Amino acid sequence: MTRLEHILHRNGWTLAVLGAQWGDEGKGKIVDRLAEHADIVVRFGGGANAGHTLVINGERHVIHLLPSGIVRAGRTNIVGPAVVCDLEVLVRELSLANQSHAQVILDPAAVIVHPLHKLIDDGREIRSGNSALGTTRRGIGPAYEDLAARRGLRLADLAGGRNAIRHALEHNGYWQEKQALANALKIDNLPSLQHMVDWAHEFSDQIVPHLGDTRAYLARAVAEKKRIVCEGAQGIMLDVFHGQQPFTTSSGCTVGALSASTGLYHFDAVIGVTKAYTTRVGAGPFPTELKNHAGEQLRERGREIGATTGRSRSCGWLDLPALRYACRIGGITDLIMTKLDILNDFPVGIHVCTGYRVQGEELNPLTTLTRDTLESVEAHYEVFPSWSGHWTGTSLPRPIVNYLKRVAEATQCLIRAISYGAERNDFCFL
Ligand code: IMP
57 MTRLEHILHR
67 NGWTLAVLGA
77 QWGDEGKGKI
87 VDRLAEHADI
97 VVRFGGGANA
107 GHTLVINGER
117 HVIHLLPSGI
127 VRAGRTNIVG
137 PAVVCDLEVL
147 VRELSLANQS
157 HAQVILDPAA
167 VIVHPLHKLI
177 DDGREIRSGN
187 SALGTTRRGI
197 GPAYEDLAAR
207 RGLRLADLAG
217 GRNAIRHALE
227 HNGYWQEKQA
237 LANALKIDNL
247 PSLQHMVDWA
257 HEFSDQIVPH
267 LGDTRAYLAR
277 AVAEKKRIVC
287 EGAQGIMLDV
297 FHGQQPFTTS
307 SGCTVGALSA
317 STGLYHFDAV
327 IGVTKAYTTR
337 VGAGPFPTEL
347 KNHAGEQLRE
357 RGREIGATTG
367 RSRSCGWLDL
377 PALRYACRIG
387 GITDLIMTKL
397 DILNDFPVGI
407 HVCTGYRVQG
417 EELNPLTTLT
427 RDTLESVEAH
437 YEVFPSWSGH
447 WTGTSLPRPI
457 VNYLKRVAEA
467 TQCLIRAISY
477 GAERNDFCFL
């Protein structure tokens, strides 16, 4: 039995699944696969900027906010206190969870993303012109500002009715400040305070029954030897501390961020998910980007269009220095590689970036990959032969085995499973 299967067949385990690149690595499918063996699935960070695509019996589901366990009956799905919640998306996905007979518990401390957050995100991007960050414009940054500033609206406020919502929005001049900011950004059609109160209140009936103490629930679950999968959003290269400022998201994407918000500190494995190549959306440095036909082929074959925004993703070769950095800084112990099928019969040979040079000098592998660092490096490559023919996880062609070995050697993390198609079953533990 492989290492992950061995864990999955035990009683009582906790696994973390994190993005090991710039997001969009295919985490949703991996979490779905692990959730088959789990009691509880936890979402710990980010918001509706994420888009986890699941293909089940040919039917495509894109889930933005709730954990991917909502498509499996009987699972308990937890949304932790560091997730920022877009109420419209939340209510839509709660109804999907209902249809699948999956349970959902929402942490009352989670911050609500309201319409003004989205307008501010949008306004800042428009105003920034060429230096825009390329955010998803889902209000994520402005909502996390409220979290850090210890103010604004939280899910708990919905339980207190219109008065509590109004109080939270008016408290210490919150609404006035937001309006002043919106005016400075020249945002038209500002919602009135009354509109905001009504907007939030409209969702209360569907959300309030799901509020519960997620941290107590998880502590009890660990004591009772339940099986828990924690699902990351975005990727470690977009982490607010460890990514390339300012081209990051506003939340933590490492196992540290997971522990800090959920109180879970022991993991049987921290799984990093990486594609067999690299993609990135939004602005920011991307040393292995292919701005040529090969890049277009990756985009086309891999259907690299954002599940949340519909933006087309920039594509490039696998970047081992970045992956090694993500594994180290993110606390990853094991890797899963997705989309290996996209490189089948790849006409130009498969390139892998094995190192960076700065002014001819090899970059120290422990260097922190800041924006300045990544913008100044020159990537160098090893070329692997492509693989062809029909193969599955039990009949891996030799070039794939060599490819996986090279990745494991460079990152010091073994590849414990691969995915080679969109369907649930195009997957194999190694
Ligand atoms: P924000 O999280 O919407 O503020 O966007 C900040 C940066 O993170 C932008 O470059 C986004 O494209 C990127 N980003 C946010 N969420 C995801 C994701 O789920 N996948 C890939 N990139 C993301």
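Numbering (the numbering used here), first residue to last: 57 to 486. Backbone N, C-alpha and C define an ideal beta-carbon position, used for all residues, glycine too. Because the structure is a prediction, the values reported are computed rather than measured.
Problem - For Tyr321, the first and last residue of its enclosing alpha helix (DSSP H) - result: Unbroken run through Tyr321: none, as it is neither H nor E.
Exercise for the section: Return the CA-CA distance between Ala153 and Ile126, expressed in angstroms with no decimal places. Expected result: 5 Å
Practice task
Under the assumption that Val73 contacts Gly288 (Cβ atoms under 8 Å), give the Cβ distance between them as a whole number of angstroms.
Solution key: 6 Å
Problem - Under 8 Å between C-beta atoms of His120 and Leu110 - result: no
Handout entry: When Ser184, Gly229, Thr192 are compared against Ala205, the one with the closest alpha-carbon
Key = Gly229
Handout entry: Identity of the residue in Ala236, Pro341, Val147 nearest Gln300 by Cα
Key = Pro341
Exercise for the section: Report the three-state DSSP secondary structure of Ala435 (helix, strand or coil). Expected result: strand
Practice task
Using 10 angstroms around the beta-carbon of Gly387, count the other beta-carbons present and answer buried if the total reaches 16, otherwise exposed.
Solution key: buried
Handout entry: Beta-carbon proximity check, Arg369 vs Arg336, cutoff 8 Å
Key = yes
Practice task
List the DSSP bridge partners of Phe483.
Solution key: Ser475
Problem - Cβ-heavy atom distance, Asn186 to ligand 1, below 7 Å - result: no
Exercise for the section: Kindly list the residues whose CB is nearer than 6 Å to the CB of Thr270, restricted to its own chain and excluding five residues on each side of it in sequence; keep chain order. Expected result: Ile134, Gly136, Ile161, Asp163
Handout entry: Per DSSP, the bridge partner or partners of Phe440
Key = Ile406
Problem - With 16 other Cβ atoms within 10 Å as the buried cut-off, status of His298 - result: buried
Problem - Among Asn105, Arg218, His65, nearest to Gly190 - alpha-carbon criterion - result: Asn105
Problem - Option in Ile112, Phe483, Val139, Leu460 with minimal Cα separation from Ala332 - result: Leu460
Exercise for the section: Counting only the same chain and skipping the five closest in sequence on each side, list residues whose C-beta sits under 6 Å from that of Trp69. Expected result: Ile63, Arg283, Asp324
Problem - Of the residues Pro377, Glu434, Lys395, Asn458, the one placed nearest Thr424, counting alpha carbons only - result: Pro377
Exercise for the section: List the endpoints of the continuous beta strand (DSSP E) containing Leu74. Expected result: 69-75
Handout entry: Three-pair Cβ contact test at 8 Å for the segment 395-404 versus the segment 354-361
Key = yes
Problem - Integer Cβ distance of Val472 from Phe485, believed to fall under 8 Å - result: In the sequence as displayed, the identity of residue 472 is Arg instead of Val. 7 Å between Cβ atoms; contact.
Handout entry: Bridge partners - Arg283, DSSP secondary structure assignment
Key = Trp69
Problem - Supposed contact pair Leu391 and Thr448 - C-beta distance, whole angstroms, cut 8 Å - result: With 8 Å as the limit, Thr448 and Leu391 do not qualify as a contact, their Cβ atoms being about 20 Å apart.
Practice task
List the endpoints of the continuous alpha helix (DSSP H) containing Leu497.
Solution key: The question about residue 497 has no answer, for the chain in this structure spans 57 to 486.
Problem - Spatial neighbours of Ile456 in its chain, beta-carbon cut-off 7 Å, leaving aside the 5 residues before and after - result: Leu396, Trp443
Practice task
Would you check if the distance between the CB atom of Ala313 and the CB atom of Ser307 is smaller than 8 Å?
Solution key: yes
Problem - For Ser368: DSSP bridge partner residues - result: Ile361
Handout entry: Contacting residues, own chain, Cβ-Cβ under 7 Å from Ala220 (five flanking each side not counted)
Key = Asp213
Handout entry: Contact check, Trp78 vs Met293, beta carbons under 8 Å
Key = yes
Handout entry: Cβ-heavy atom distance, Arg206 to ligand 1, below 7 Å
Key = no
Problem - ligand 1 heavy atom lying under 7 Å from the CB of Leu294 - result: yes
Handout entry: Proximal residues to Leu274 (C-beta, below 8 Å), its chain only, five neighbours per side dropped
Key = Ile96, Val98, Ile134, Ile284, Thr318, Gly319, Leu320
Exercise for the section: Compute the Euclidean distance between the alpha carbons of Leu379 and Pro441, then round it to the nearest angstrom. Expected result: 21 Å
Practice task
Helix, strand or coil for Asn133, going by three-state DSSP, please let me know.
Solution key: strand
Handout entry: Beta-carbon proximity check, Tyr437 vs Thr410, cutoff 8 Å
Key = yes
Practice task
Please list the segments of the beta strand (DSSP E) lying wholly inside the segment 230-303, counting only runs of 3 or more residues, in order along the chain.
Solution key: 283-287
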